[in-house]
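Scroll down for the structure; my scribbles are underneath it.
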Amino acid sequence: MPSIRQLRRRIRGVQNTRQITRAMELVASSRLRRAQERVLASRPYAERIRAVISNLAAVSGAQELHPLLQVRPVSHAALILFTTSRGLCGSLNSNMVRAVVRFILDRGVSVDIIAVGTKGPTLLRSVGLSGSVAAQYQDLGNYPNVADILPISRSTIEGFTTARYDEVYVGYSQFVNLMRQEPTLLRILPIAPEELESSEASAYHQVDYIYEPDPDAVLSNLLPRFIEAQVYRALLESIASEHSARMIAMRNATENAEEILQDLTLTYNKVRQTAITNEVIEIATAAKAIAGV
Amino acid sequence: MASLRLEIITAERIVLTEEAVGSVRVPASEGIVGILPRHAPLMTTLAPGELIMRRGDEEESFFVTGGFLEVRDNHVAVLADASERAEEIDVERAEEARRRAEEALKEKREGAELAAAEAAMRRALIRLRLAQRARGRRGASQAR
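Each protein sequence line maps, in turn, to chains A and B.
Each residue of the first sequence is one higher than the one before, starting from 949 at the first, in the working numbering.
Each residue of the second sequence is one higher than the one before, starting from 104 at the first, in the working numbering.
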């Protein structure tokens, strides 16, 4: 039986932990709400740009010409990998990295990883794949804007046009709902023609636009922005996933702490009662003994 | 009477959606384009500059840079790299951007860097000009 003092100390410890995990849960949930709003706010732009590009690709016949649409035999690929920089978010990062490892093994080509967030490289090192991390960007914070990802998307676009990479992917945790974040690997370069044939696009094909200066110029202007929008979206999704995963992990931790607290309190009360009973018995026996004399 | 529906969208947010717009003036890459209702379908790239929306007797001014403009069925969509209402422009930030660009230009860099600095300079100057004008207008309306 543990002593009363020990029990009291443990109870206080668990209470403190509960307080911290509860605070973290609340912080994560408010950040999650804002992250979700940002994901939603980024959608109209990406959808519109995709529809316009698909229309353009059909009109300009630039499909084979434009460097960002060029399909080459693949020997080198790049993967922009979004992971978190902080822990305490459940299995989010390890799921992501597991998907990446599987991808690298399946793909069978050399893959350069461009990492955003520090957990990805750390986990990759633990499975012996640290050599594939080609670049590491610092954490972009909770509320990044498009300008923050421009260096990343520009350098990968350049890597693709100079044939250093034959394919470029983004890896991020897709935010499905509170309980589910799915590791997702999406090819962003070369831009696949089927990618451009969204249902919305068919309505666009009817329209006969005037293009200024000309379709190819507009297309060259839009394609890099399309890539940027996709990278930006991946970043926003992974931020939303991070906060939802942390929120759930912290909620579970708070619940566990409560359970432990209940057990401890019960034991504490039992021990205390036993001690009091013992004392009463002692006093009673002593009193009896004295009275008996 | 036919009117326009104007949308200004950036990757980060929807800056504006407005119905019953009379006309829009947009800084396209080939020069300023004026759009009235029943405009032919048009798609053009944008230059950094001022977008003016006219609605009844009111005019509203926006800063836009980069991206493109699409006109279709009385629907004007501006997809910009960055855009804000003239009143929303962060003067301090624009001023700082101007200083940075000035320094970069002084260092006489070459090629892409020079072009980037020049573009940054242009954007900052336009922002400052629009912000100043918006402020002047607000002051005038308050005086009335």
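Even glycine gets a Cβ: it sits at the ideal position worked out from N, Cα and C.
Would you please verify whether the beta carbon of residue i is less than 8 Å from any beta carbon of chain B?
i, result
"residue 1177(A)", "yes"
"residue 1158(A)", "yes"
"residue 1161(A)", "yes"
"residue 1137(A)", "no"
"residue 1090(A)", "no"
"residue 1147(A)", "With a pLDDT of only 48 at residue 1147(A), under 50, the local geometry of the prediction cannot be trusted, and the value read off the model is given with reservation. Answer no: the Cβ-Cβ gap between residue 1147(A) and chain B never drops below 8 Å."
"residue 992(A)", "yes"
"residue 1112(A)", "no"
"residue 997(A)", "yes"
"residue 1073(A)", "no"
"residue 1204(A)", "no"
"residue 1180(A)", "yes"
"residue 1169(A)", "yes"
"residue 987(A)", "no"
"residue 1188(A)", "no"
"residue 1064(A)", "no"
Considering just the uninterrupted stretch of the alpha helix (DSSP H) at residue i, what are its terminal residues?
i, result
"residue 1045(A)", "1040 to 1055"
"residue 1211(A)", "1163 to 1240"
"residue 1070(A)", "1067 to 1074"
"residue 1080(A)", "Where residue 1080(A) is concerned, there is no enclosing alpha helix (DSSP H), given that its DSSP letter is neither H nor E."
"residue 1099(A)", "1094 to 1109"
"residue 208(B)", "194 to 209"
Among the options, which one has its Cα closest to the Cα of residue i?
i, options, result
"residue 1109(A)", "1168(A), 1162(A) and 1200(A)", "1168(A)"
"residue 1197(A)", "977(A), 952(A) and 1070(A)", "977(A)"
"residue 1040(A)", "1190(A), 1207(A) and 1049(A)", "1190(A)"
"residue 1016(A)", "1115(A), 1162(A), 1237(A) and 1199(A)", "1115(A)"
"residue 257(B)", "189(B), 222(B), 194(B) and 118(B)", "Outside the shown range of chain B (104 to 247) lies residue 257(B), about which nothing can therefore be said."
"residue 1062(A)", "953(A), 1030(A) and 1183(A)", "1030(A)"
"residue 952(A)", "1237(A), 1233(A) and 1222(A)", "1222(A)"
"residue 1081(A)", "1091(A), 1055(A), 1089(A) and 1048(A)", "1048(A)"
"residue 229(B)", "165(B), 158(B) and 152(B)", "152(B)"
"residue 1140(A)", "1018(A), 1095(A) and 1120(A)", "1018(A)"
"residue 955(A)", "1231(A), 1159(A) and 1215(A)", "1215(A)"
"residue 985(A)", "1184(A), 1233(A), 1232(A) and 1217(A)", "1184(A)"
"residue 1179(A)", "1071(A), 1095(A) and 980(A)", "1095(A)"
"residue 1172(A)", "980(A), 994(A), 959(A) and 1055(A)", "994(A)"
"residue 998(A)", "1174(A), 1229(A), 1213(A) and 1193(A)", "1174(A)"
"residue 115(B)", "1024(A), 1166(A) and 983(A)", "983(A)"
"residue 166(B)", "159(B), 143(B), 133(B) and 119(B)", "119(B)"
Excluding sequence positions up to five away, which residues of its chain have a Cβ less than 8 Å from the Cβ of residue i?
i, result
"residue 1270(A)", "Summary: the structure shown does not reach residue 1270(A), with chain A confined to residues 949 through 1241, and so no result is reported for it."
"residue 141(B)", "105 and 177"
"residue 138(B)", "107, 126, 127, 128, 129, 145, 174 and 179"
I'd like the list of long-range same chain contacts for residue i, defined as Cβ closer than 6 Å, with 5 residues on each side in sequence excluded.
i, result
"residue 1079(A)", "none"
"residue 147(B)", "131 and 172"
"residue 1186(A)", "1030, 1120 and 1121"
"residue 1060(A)", "1026 and 1082"
Consider the Cβ of residue i: report whether some Cβ of chain A lies at a distance smaller than 8 Å.
i, result
"residue 151(B)", "no"
"residue 145(B)", "yes"
"residue 119(B)", "no"
"residue 74(B)", "The question about residue 74(B) has no answer here: the residues shown for chain B are numbered 104 through 247."
"residue 115(B)", "yes"
"residue 74(B)", "Here chain B has residues from 104 to 247 only, and residue 74(B) is not among them."
"residue 148(B)", "yes"
"residue 180(B)", "yes"
"residue 214(B)", "no"
"residue 105(B)", "no"
"residue 112(B)", "yes"
"residue 207(B)", "no"
"residue 171(B)", "yes"
"residue 133(B)", "yes"
Determine the extent of the beta strand (DSSP E) in which residue i is found, giving its start and end residues.
i, result
"residue 1027(A)", "1024 to 1030"
"residue 1060(A)", "1058 to 1064"
"residue 1321(A)", "Because chain A spans 949 through 1241 in this model, residue 1321(A) falls outside it and cannot be assessed."
"residue 178(B)", "178 to 182"
"residue 186(B)", "185 to 188"
"residue 159(B)", "Counting along the chain, residue 159(B) falls outside any beta strand (DSSP E), and DSSP gives it neither H nor E."
"residue 1121(A)", "1115 to 1123"
"residue 1159(A)", "1158 to 1160"
"residue 148(B)", "145 to 148"
"residue 173(B)", "171 to 175"
"residue 107(B)", "107 to 112"
"residue 70(B)", "Here chain B comprises residues numbered 104 to 247, so residue 70(B) is not present and cannot be evaluated."
Determine which residues share a DSSP beta bridge with residue i and list them.
i, result
"residue 136(B)", "129(B)"
"residue 168(B)", "185(B)"
"residue 1085(A)", "1064(A)"
"residue 968(A)", "Its beta-bridge partners do not exist; DSSP assigns none."
"residue 973(A)", "Its beta-bridge partners do not exist; DSSP assigns none."
"residue 153(B)", "166(B)"
Apart from the five residues just before and just after residue i, which ones in its own chain have a Cβ nearer than 7 Å to its Cβ?
i, result
"residue 1065(A)", "1030, 1031, 1032, 1033 and 1087"
"residue 1069(A)", "1063, 1078, 1081 and 1084"
"residue 234(B)", "189, 192, 194 and 197"
Is any heavy atom in the ligand FMN found nearer than 7 Å to the beta carbon of residue i?
i, result
"residue 1062(A)", "Summarising the ligand content, the structure contains no ligands, and the ligand FMN is consequently not present."
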